[in-house]
Amino acid sequence: MTNHWVDIKNADLVLIMGGNAAEAHPCGFKWVIEAKKDRKAKLVVVDPRFTRSAAVADYYAPVRAGADIAFLGGVVNYLLTNDKIHHDYVKNYSNAGFLINPDFKFEDGIFSGYNAEKRNYGKDTWGYQMGKDGFVMVDPTLQDPNCAFQLLKKHYSRYTPDLVSKVSGTPKDQFLKVCEYIAETAAANKTMTILYALGWTQHSVGSQNIRTMAIIQTLLGNMGMAGGGINALRGHANVQGITDMCLFGANLPGYIASPTEADVDRKTYVEKRTPKPLRPNQMNFPQNFPKWFTSLQKAWYGNAAKPENDFAYEWLPKIDGAYDTLAIFEKMHQGKMNGFVCQGFNPLASVSHKKKVGDALAKLKYMVVIDPLITDTSEFWKAHGEFNEVDATKVQTEVFRLPANLFAEDTGSFTNSGRVIQWHWKAADGPGESKGDVEIIAALFQKLKAMYAKDGGKLPEPIMNLTWPHRIADKPSPAELLMEISGKALADVFDPKDKTKVIVKAGEQVAGFAQLRDDGSTSCGNWIYSGCWSQAGNLTARRDNADPSGLGQTLLWGFAWPANRRIIYNRASCDMDGKPWDPKRTVIRWTGTAWAGNDVPDMRPDAAPAEGVMPFIMTPEGVARLFAPGMADGPFPEHYEPFETPLDKNPFSPGNPKALNNPAARVYKGDMEVFGKAKDFPYVCTTYRLVEHFHFWSKHVRINAVLQPEQFVEIGEELAKEKGIANGDRVKVKSNRGFIKAVAVVTKRIPTLMVDGKKTHTVGIPIHWGFKGLTKPGFITNTLTPYVGDANSQTPEYKAFLVNIEKI
Amino acid sequence: MQITRRQFFKVCGAGLSGSSIALMGFSPTSALAEVRTYKLAHATETRNMCPYCSVSCGVLIYTTGDKSKNAKADVIHIEGDPDNPVNRGTLCPKGAALLDMVKSPSRLKYPEVREAGSNEWKRISWDDALNRIATHMKKDRDANFIEKNAAGVTVNRWPSFGFLASSACNNETGYITHKVLRSLGAVAFDTQARI
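Line by line, the protein sequences are chains A and B.
Here my numbering is used: the first sequence runs in plain steps of one and ends on residue 808.
Here my numbering is used: the second sequence runs in plain steps of one and ends on residue 1195.
Structure follows, in structure tokens:
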């Protein structure tokens, strides 16, 4: 979230699309109700189902699963053609006036630079026009036909209300009504917040779904405002924190891109990732990259990381391609992996195409499951009737299952969706011989280290030199670790303006990332968390919930990254002179000498408005991007059909079969072949969560297993009538990858939509069942889902695929 | 004023003493007649967080005992933390049932192994489990570690080993897991953030 949970109460309009906060985030959804009650805010819900969020909405509009860009692109067109945009904001705080390479083209559904064989884009033509001064050329009148604003207008002029309705299935009048609600927040002092979740991310166009909303929020001037922003309602209690720690092959902690094979030495690596500003006077904050990266290497390798060995750059593995979940299981399926660890993760249930995942696991030599509960994955090798058909004697994988502690048995920090890091304390020991996760990883590492010390082996140096400053080597304390994450001075750190003045003494915790250095004098395990444990102590454990501004900022509760800032890009909540767009909801303002107010300013504190330092400090442009050349599948979001679609053409580019699905999405051999066709699988299927269950954990919890004991699927009344299915009948749902059987719930909540002139039915499936747990045994829903991901994030397309359904 | 035993305990639980209840102008007659004392009165309260969704609601965990060396703490009750600015004491149908997760019969208690081709689990000691796992890992790493690619560039990676890290773990777990994995040269790892 760019904003945070309590801030939702400051909105004038709450849009829930691609999520269902009332059921998936009930205690956060409370703030939507608060906004409605106290601010008379409106709630608009757009969803394929009439969810419980929709049930309390002021307005609901249905949409076909997988047609969000068609809908949102239509909103962009509505705002531009009806002139419902925040002009000053767009002109100054976005790249609307930036001139784009005149060779950039969009023809027949495809952007310039496409390579059909490799299914990717060369981005040579997607850049800016650079002036002689080394900066991007800008037309402040926004009239140049090659400026981002005019290209945006042209691109979305195709998204007419009629075509939007034809593709999305949303009746035209309902689509226009939603546009009207959204357009009202173009006023400088009105804000819309958007709450989305997996309903937007789990598509082959997932990242572009969110990009479309980023464009809308920029056009409306809603970023940086209290009650505004782009708010991803995330999954697990610490999914934000684990994302920040970047447990991804492609990133080091703090979103530092991993070195690749092309980064032959530290100099090449660092230079490539340290951008130059694209406009004069901009903060271009990523210019500090060398400080973040060097401080990380010092945290990991201490004295062994020194200028003479390029701060141990060589020890970091260099990646040669993708290592996301789908890529990992593809490699495993090809027999290229031997060992695998699942730490609190149940991939057999949670990754798409269950059969492929199960077959892949059976090719491993050894697998380790670290979990507090019995997961389905830990028993992938065991026959569980038709829920898991397998012959154990044929599975040669050696499987270890290690008992881990739960939240109640562990001390440490979680980061909530609003980026607030909060400390929690252990209440009791876990059952039996269970251990904490830190202890398990540490003990395993100590075993390995001892083996390398004794017997040697391949490249032992990074193992032997890894810093381990823990009082008990087998059991590092959470406090020791959070202090390492936050960072400290290894030598005295001096004020860059006065080289005689020490700002942090050697051995002291740093106060924040501004104090990090690239000369090896500081260490920091994750620069964005820097300052969370300063000389003042553990700031994540703060529990003062005072809210003097009334905005719900609670700056003394926990610690929000970065720098305890609660609303990021908050400089954009003020006009060019530093006056708040809405003084009643002042986040920060220019006092005449400094930025100050009800949040930590997202701006150099002494940057006077006249200096023209723009609010989006993490971009080299200094402004928000309407045109975003960094995306894998196009600088503007374009509607592509899901890989399994009820349509045979993309109505936005009917003449080009290459533009039917996302042309830049990665599809593995064998997976393309098992995508189903509409003639065999005529119904759109989407998967989701219930308020009584959480993923695949709560099926082990007695009360929740009693509340929702048995697997079911939901269908609309019209489809039920067509197929002769009554409420309570058992049905079989098939995709081209497998089937599940469940009880049918016939409901008015799933409307039948008219898409491209045809009646289109939707089948809805809650995901929570499996063959282990206290609920009645059920089928793993991901038996059905396709093995293809978003072109940027590789998040699988769980939300839109094709099935057939029959009464058993 | 009539007050039920349940309401009385609720008010007490909010931190008021019995005498201040009386000062508020009502006498909990029926409650004072109770022989059994309020069971949370002697429990230890620990501040923690719900592990389910990313609202990360504050919870209060009540355990038996006073955390002294010989008193074995046992979780007996979990409820919302009224001080938490986000959930303000509320919990959803999942969070309200957290005690049943802590006490689930599906909790793992001991390290186990399922040998290749076997149809059953076998209990083993932590030491055996970690030794066997570390032996597998070292053998695999030493056999498949790539020091240089075909172009002669030092790449130092271990591609035949994968790891899925948990978004339910603490930041500290995530950090140390990442640190250890990179030191081994592992690259094939990911989290639930993506799926």
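Each residue gets a CB set at the ideal place from its N, CA and C atoms; glycine is no exception.
Inter-residue spacing [alpha-carbon to alpha-carbon] between residue i and residue j
i, j, result
"A:Y181", "A:F175", "10 Å"
"A:K272", "B:N1156", "20 Å"
"A:P259", "A:L99", "32 Å"
"B:Y1052", "A:G235", "8 Å"
"A:D671", "A:E644", "12 Å"
"A:L482", "A:P580", "36 Å"
"A:S434", "A:A453", "28 Å"
"B:I1124", "A:E439", "18 Å"
"B:A1129", "A:G385", "29 Å"
"A:Q282", "A:P615", "9 Å"
"A:V755", "A:A511", "56 Å"
"A:R266", "A:R625", "30 Å"
"A:D144", "A:Q150", "7 Å"
"A:D498", "A:T467", "32 Å"
"A:F445", "A:M223", "44 Å"
"A:A744", "A:M213", "35 Å"
Cβ pair residue i, residue j closer than 9 Å
i, j, result
"A:A632", "A:N120", "yes"
"B:T1046", "A:K37", "no"
"A:V493", "A:Q509", "no"
"A:P637", "A:Q208", "yes"
"A:G344", "A:I319", "no"
"A:V832", "A:F380", "The first residue shown for chain A is 1 and the last is 808, placing residue 832 of chain A beyond what the model contains."
"A:L361", "A:N338", "no"
"B:C1169", "A:N538", "no"
"A:I441", "B:T1177", "yes"
"A:H761", "A:E797", "no"
"A:R571", "A:W533", "no"
CB contact check: residue i to chain B, cutoff 9 Å
i, result
"A:P280", "no"
"A:I485", "yes"
"A:M192", "no"
"A:V14", "no"
"A:Y452", "yes"
"A:T212", "no"
"A:G537", "no"
"A:A392", "yes"
"A:W527", "no"
"A:A304", "no"
"A:P548", "no"
"A:H86", "no"
"A:G430", "yes"
Any chain A beta carbon closer than 9 Å to residue i
i, result
"B:K1179", "yes"
"B:A1041", "no"
"B:D1100", "yes"
"B:S1106", "yes"
"B:R1005", "With a pLDDT of 48 at B:R1005, under the threshold of 50, the predicted position of this residue should be treated as unreliable, though the coordinate-derived value follows. Cβ-Cβ to chain A under 9 Å: no for B:R1005."
"B:S1068", "no"
"B:E1079", "no"
According to DSSP, residues forming a beta bridge with residue i
i, result
"A:H809", "Not covered by the structure: residue 809 of chain A. The range shown for chain A is 1 to 808."
"A:A232", "A:Y196"
"A:A744", "A:V713"
"A:A21", "Bridge partners of A:A21: none, in fact."
"A:Q509", "A:K488"
"A:C574", "A:P580"
"A:L753", "A:T760"
"B:P1058", "The sequence as given places Gly at residue 1058 of chain B; Pro does not occur at that position. Beta-bridge pairing links B:G1058 to B:M1049."
"A:Y683", "A:V803"
"A:W809", "Since the displayed chain A opens at 1 and closes at 808, residue 809 of chain A lies outside it and no answer follows."
Min CB distance residue i to chain E below 9 Å
i, result
"B:Y1038", "Checking the listed chains, one finds no chain E in this structure; the protein chains it contains are A and B."
Could you give the uninterrupted runs of the beta strand (DSSP E) lying entirely in the region 39-94 of chain A, keeping only those of 3 residues or more? 42-46 and 59-61
What runs of the beta strand (DSSP E), each 3 residues or longer, lie entirely inside the region 583-644 of chain A? 588-590 and 595-597
Taking only runs that begin and end inside the region 1098-1138 of chain B, name each unbroken alpha helix (DSSP H) of 4 or more residues, in chain order. 1098-1102
What residue ranges within the region 89-165 of chain A form continuous alpha helix (DSSP H) runs of no fewer than 4 residues, ordered along the chain? 148-156
Minimum length 4: unbroken alpha helix (DSSP H) runs contained in the region 269-349 of chain A: 289-301 and 325-333
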